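S.K.:
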Amino acid sequence: MSCTNGHLISVAENTNFALGEDISLTVAGVRIEDGVMMATPDTVDLSGATRGVHASLVVGEAVTHAGVGTFTLLDVVPRTRPPGFDGGGGTATFCFEPDPDFVLDPRVS
102 MSCTNGHLIS VAENTNFALG EDISLTVAGV RIEDGVMMAT PDTVDLSGAT
152 RGVHASLVVG EAVTHAGVGT FTLLDVVPRT RPPGFDGGGG TATFCFEPDP
202 DFVLDPRVS
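In terms of the numbering used here, the sequence shown opens at residue 102 and continues consecutively.
(1) Let me know if residue 201 comes out buried or exposed under the rule of 16 or more other beta-carbons within 10 Å of its beta-carbon.
(2) Is residue 118 helix, strand or coil by DSSP?
(3) Pull up the CB-CB distance for residue 159 and residue 131, whole angstroms please, since I reckon it's below 8 angstroms.
(4) Which partner residues does residue 132 have in the DSSP bridge list?
(5) Where does residue 179 sit, in a helix, a strand or coil, going by DSSP?
(6) Find out if the Cβ-Cβ distance for the pair residue 146, residue 124 is shorter than 8 angstroms.
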């Protein structure tokens with residue numbers, strides 16, 4: 102799967118990734134279940150101007166945060182944990198296609 106019209110973004114679980122002013126991306130639930138790669142992206146607008154997204158995606162699926170952009174899940178790398186241990190650590194890779202009016206943090210582009 103390619104990302105010709107967007108930005109490749111890899112985010113580790115429990116990381117607060119700044120996309121732009123007041124907009125951040127986190128990811129949870131990076132996993133492979135029955136051979137299906139999955140992750141749950143969450144976006145937050147700290148200013149309260151837009152409503153964030155929270156969606157469980159499989160590779161190839163996308164979710165759009167209105168006024169921010171579209172996130173398509175491209176890949177996941179779960180972290181292996183010893184039996185009985187929970188926690189984050191997996192990584193999810195997205196193609197982020199910003200909304201034309203969204204001001205992307207220059208460190209992302």
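C-beta atoms are modelled at their ideal positions from N, C-alpha and C, and glycine is treated no differently. In this text, all values refer to a predicted model and were calculated from it rather than measured experimentally.
M.R.: So, from the data block:
(1) exposed
(2) strand
(3) Going by Cβ atoms, the distance from residue 159 to residue 131 rounds to 12 angstroms, so no, they are not a contact pair.
(4) 139
(5) coil
(6) yes
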